[in-house]
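Taking it in order: structure first as structure tokens, then the write-up.
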Ligand code: SF4
Ligand code: SF4
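In the numbering used here, the protein residues as written are 32 to 458.
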């Protein structure tokens with residue numbers, strides 16, 4: 032079994048939710064749909080305040096270039112297009128829709144026996160983006176013009192606590208395999224490999240029994256960040272993505288398990304991307320599990336549905352390695368929101384950073400072969416050219432360096448900041 036070097040082994044903590052079947056999430060009275068839930072330009076609203084919309088109706092159209100359509104997850108009335116707080120701390124434009132609880136729908140027509148071009152067009156029309164967290168518009172990713180011979184399906188789900196992909200593989204196996212076939216059709220890949228960490232033995236067995244021929248399952252060693260693109264492609268195909276290049280440069284395209292399921296739903300059910308499965312977990316969650324959550328649901332509604340008890344010390348959106356601490360429950364879910372964690376004191380580390388002791392553990396842990404401590408030093412000196420020379424742009428934000436640092440330094444955040452500044456200043 033091929034596997035990447037370095038990385039870490041954090042406690043999985045998946046037992047809190049991995050045996051819970053996917054259930055219905057809360058029915059929000061209002062949704063706030065961010066116009067930017069994806070990589071690329073924000074979508075452009077096509078509705079006006081006062082207008083009634085149905086579930087599944089287009090409310091914002093993709094902008095020119097890289098962007099994605101946005102659909103309403105509820106039936107109701109558009110109240111406003113205005114700035115609303117996001118997890119980054121910045122206000123960004125959202126469409127607010129008030130639910131009339133009629134649940135009237137307006138889905139896309141189902142595609143009967145579509146070819147690759149029709150599937151690709153449907154993926155774009157349905158506003159599907161990478162649902163593993165990256166948010167890259169999927170149609171753009173799959174439009175590789177025959178340069179990829181293998182589709183790598185990410186079922187690694189290496190982040191602690193998160194189990195939504197695991198449950199999808201168990202409960203929607205047939206739909207998932209059909210979604211994978213549609214994705215193969217769209218990108219022209221001759222075969223697909225589903226990479227699954229070995230801690231999900233039941234999913235490996237089920238999918239191995241169901242697939243065959245041009246779709247296979249590759250059990251992967253349980254090690255974080257096994258689901259990162261470079262590491263996953265290597266584990267599933269043995270191919271190395273050259274530095275600064277994309278998976279397609281190694282003949283591969285990567286889609287996440289949830290993304291493949293969304294492709295199936297868009298093509299065969301005519302359902303655009305307006306909801307997703309989210310994991311709710313943590314020792315302070317009242318009800319751990321996996322739920323279908325409508326895009327734009329305020330975190331307050333999720334918290335009311337299954338949220339934190341009196342022991343809740345921290346709320347995290349996403350996983351504990353790559354997620355963000357929640358500072359306001361007004362923030363709303365998006366296409367990329369995979370989980371909401373309610374953590375008690377025993378699950379949170381209170382960090383007071385001290386001086387680097389030069390132990391080198393961050394270097395040993397970085398799966399991208401970087402020297403996070405040197406990049407941080409360059410950032411503090413405001414020498415962004417040096418940070419770039421140390422490879423800051425290759426950082427995948429996995430958090431391994433912060434996780435292992437005995438001085439509790441905020442290394443991942445520093446490298447992320449350096450990367451942002453290098454990009455903004457075009458250094
Ligand atoms: S520098 Fe980036 S890629 Fe390397 S361990 Fe830290 S967060 Fe991960
Ligand atoms: S792990 Fe922490 S203490 Fe060790 S070299 Fe890296 S920054 Fe310094």
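Yeah, the Cβ is synthetic: ideal placement off N, Cα and C, and Gly gets one too.
Quick caveat: nothing in here was measured; it's all calculated off a predicted structure.
Practice prompt. Label residue 289 either buried or exposed according to how many other C-beta atoms from any shown protein chain fall within 10 Å of its C-beta, with 16 as the threshold for buried.
Written response: buried
Item to complete: Take residue 111 and list the residues in its own chain whose beta-carbon comes closer than 7 Å to its own, dropping the five residues that flank it on each side.
Response: 80 and 127
Worksheet item: By Cβ distance, which residues of its chain are closer than 8 Å to residue 253, with the 5 residues on each side in sequence left out?
Response: 40, 43, 189, 228, 229 and 230
Worksheet item: To the nearest angstrom, how far is it from the Cα of residue 311 to the Cα of residue 367?
Response: 14 Å
Worksheet item: Nearest to residue 123 by alpha carbon, out of 194, 137, 399 and 363?
Response: 363
Worksheet item: Within the present structure, is the beta-carbon of residue 437 separated from the nearest heavy atom of ligand 2 by less than 8 Å?
Response: yes
Worksheet item: How is residue 255 classed by DSSP in three states: helix, strand or coil?
Response: strand
Worksheet item: So is the beta-carbon of residue 264 under 8 Å away from any non-hydrogen atom of ligand 1?
Response: no
Fill in: residue 257 beta carbon less than 9 Å from that of residue 34
yes
Worksheet item: Is residue 112 near ligand 2, judged by its Cβ being under 8 Å from some heavy atom?
Response: no
Discussion item. Taking the beta strand (DSSP E) that residue 309 belongs to, which residues open and close that run?
Written reply: 306-312
Worksheet item: What are the complete alpha helix (DSSP H) segments, minimum 4 residues, inside the region 194-254?
Response: 195-202, 204-218 and 232-241
Worksheet item: If you measure from the CB of residue 391, is any heavy atom of ligand 2 nearer than 8 Å?
Response: yes
Practice prompt. Given a cut-off of 9 Å, decide if residue 183 and residue 263 are closer than it, judged by their beta-carbon atoms.
Written response: yes
Discussion item. For residue 74 and residue 106, which I take to be in contact (beta-carbon distance under 8 Å), what is that distance rounded to the nearest angstrom?
Written reply: No, residue 74 and residue 106 are not in contact; Cβ-Cβ is about 20 Å, not under 8 Å.
Worksheet item: What number of angstroms, rounded off, separates the C-alpha of residue 49 from the C-alpha of residue 198?
Response: 7 Å
Worksheet item: Cβ-heavy atom distance between residue 200 and ligand 1 below 8 Å?
Response: no
Discussion item. Excluding the 5 residues flanking residue 342 on each side, which residues of the same chain have their C-beta closer than 8 Å to its C-beta?
Written reply: 314, 315, 375 and 376
Discussion item. Since residue 453 and residue 424 should fall inside the 8 Å C-beta cutoff, what is the C-beta to C-beta distance between them, to a whole number of angstroms?
Written reply: 6 Å
Item to complete: Classify residue 265 as helix, strand or coil using the three-state DSSP reduction.
Response: helix
Worksheet item: If you draw a straight line from the alpha carbon of residue 448 to that of residue 242, how long is it in whole angstroms?
Response: 43 Å
Discussion item. I need the boundaries of the alpha helix (DSSP H) containing residue 435, first residue and last residue.
Written reply: 431-435
Discussion item. Tell me the rounded alpha-carbon separation between residue 82 and residue 108.
Written reply: 6 Å
Worksheet item: So does residue 39 have its beta carbon nearer than 8 Å to some heavy atom of ligand 2?
Response: no
Worksheet item: How is the beta strand (DSSP E) around residue 127 delimited, first residue to last?
Response: 122-130
Worksheet item: For residue 394, is the beta carbon positioned less than 8 Å from some heavy atom of ligand 2?
Response: yes
Worksheet item: What does residue 136 pair with, by DSSP beta-bridge criteria?
Response: 86
Worksheet item: Among 355, 380 and 381, which one has its Cα closest to the Cα of residue 370?
Response: 355
Discussion item. According to DSSP, simplified to helix, strand and coil, what is residue 421?
Written reply: coil
Practice prompt. Would you grab the beta carbon distance between residue 87 and residue 151 for me? Rounded to a whole angstrom, and I think it's under 8 Å.
Written response: Contact flag wrong, Cβ pair sits at about 20 Å.
Discussion item. Considering only heavy atoms of ligand 1, does any lie closer than 8 Å to the CB of residue 272?
Written reply: no
Worksheet item: Taking the Cβ atom as the reference point for each residue, do residue 337 and residue 350 lie within a distance shorter than 9 Å?
Response: no
Worksheet entry | Those residues which DSSP pairs with residue 415 across a bridge | Bridge partners of residue 415: none, in fact.
Worksheet item: Which value, in whole angstroms, describes the spacing of the CA atoms of residue 456 and residue 172?
Response: 26 Å
Worksheet entry | Residue(s) in a DSSP beta bridge with residue 348 | 355 and 371
Discussion item. Between which residues of its own chain and residue 178 is the CB-CB distance below 6 Å, once the five residues before and five after are set aside?
Written reply: 279
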